[in-house]
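Enquirer:
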Amino acid sequence: MVSFANGGSLTPEDLALIEAIRSERSILAASRATGVSYRKCWLMVDALNRTFETPVFATFPGRRGAGAQLTDFGERLVALYRSMERRSRSASAQSLAELNASLNRSYRPRASGGAGEDVAPQPRLSRWRRS
Numbered sequence: 392m393v394s395f396a397n398g399g400s401l402t403p404e405d406l407a408l409i410e411a412i413r414s415e416r417s418i419l420a421a422s423r424a425t426g427v428s429y430r431k432c433w434l435m436v437d438a439l440n441r442t443f444e445t446p447v448f449a450t451f452p453g454r455r456g457a458g459a460q461l462t463d464f465g466e467r468l469v470a471l472y473r474s475m476e477r478r479s480r481s482a483s484a485q486s487l488a489e490l491n492a493s494l495n496r497s498y499r500p501r502a503s504g505g506a507g508e509d510v511a512p513q514p515r516l517s518r519w520r521r522s
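Here's what the structure looks like:
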């Protein structure tokens with residue numbers, strides 16, 4: 392996630408919606424493609440358009456010819472975000488390799504997962520004790 396000085400943000404979910412609108416050219420179709428409610432998609436589109444001085448999307452309301460598309464700025468936003476992702480992955484590769492080298496090779500996560508599950512569960516004590 393990227394947070395901006397004005398309080399706006401750009402999340403992986405936002406990027407998925409942006410790319411779905413780019414390919415579907417419709418907020419409704421993008422909501423179906425991403426599995427996000429239409430209302431939430433509209434709220435995300437509105438928030439993204441208000442975050443920047445230049446809109447990310449151009450929308451065309453109405454029954455015929457309705458739709459949405461990315462503006463030139465929206466295309467640039469996607470390119471910049473993907474570039475930041477690549478550089479971030481590249482910059483953290485050495486640190487991740489160091490952490491992987493420090494792993495306990497005998498550890499095997501359990502199917503149900505949580506830390507501390509190796510400890511036997513303690514019986515639950517009643518809140519109210521009888522005297």
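In this text, residue positions in the sequence shown follow the numbering used here: the first is 392, and each later residue adds one. Just so it is clear, CB atoms sit at the ideal spot from N, CA and C, and this is done for glycine as well.
In angstroms, rounded to a whole number, what distance separates the CA positions of G373 and S417?
Expert: This structure leaves residue 373 out entirely; the chain is present only between 392 and 522.
Enquirer: For V427, which three-state DSSP category applies?
Expert: The answer is coil: DSSP assigns V427 none of H, G, I, E or B.
Enquirer: Considering Cα atoms alone, identify which of D463, T442, R499, R480 is closest to S400.
Expert: Residue T442 is the option with its Cα nearest to S400.
Enquirer: For A449, name the three-state secondary structure that DSSP assigns.
Expert: It is a strand residue.
Enquirer: Residues in its own chain within less than 8 Å of V436 by CB, not counting five upstream and five downstream?
Expert: So the list reads L408, I412, I418, V447, F448, T450, A459, once near-sequence residues are dropped.
Enquirer: Using DSSP's beta-bridge definition, name the partner residues of S394.
Expert: Its beta-bridge partners are S400.
Enquirer: Whole angstroms are fine: how far does the CA of R478 sit from the CA of V469?
Expert: So the two alpha carbons sit approximately 14 Å from each other.
Enquirer: Out of S422, T445, P403, S474, which one is the CA nearest neighbour of D463?
Expert: With distances taken between Cα atoms, D463 lies closest to T445.
Enquirer: Just reading off the alpha helix (DSSP H) that G458 is part of, what are its end residues?
Expert: First-last for G458: 458-461, but that is the beta strand (DSSP E), not the alpha helix (DSSP H).
Enquirer: State the Cα-Cα distance for the pair P452 and Y472, rounded to the nearest angstrom.
Expert: So the two alpha carbons sit approximately 28 Å from each other.
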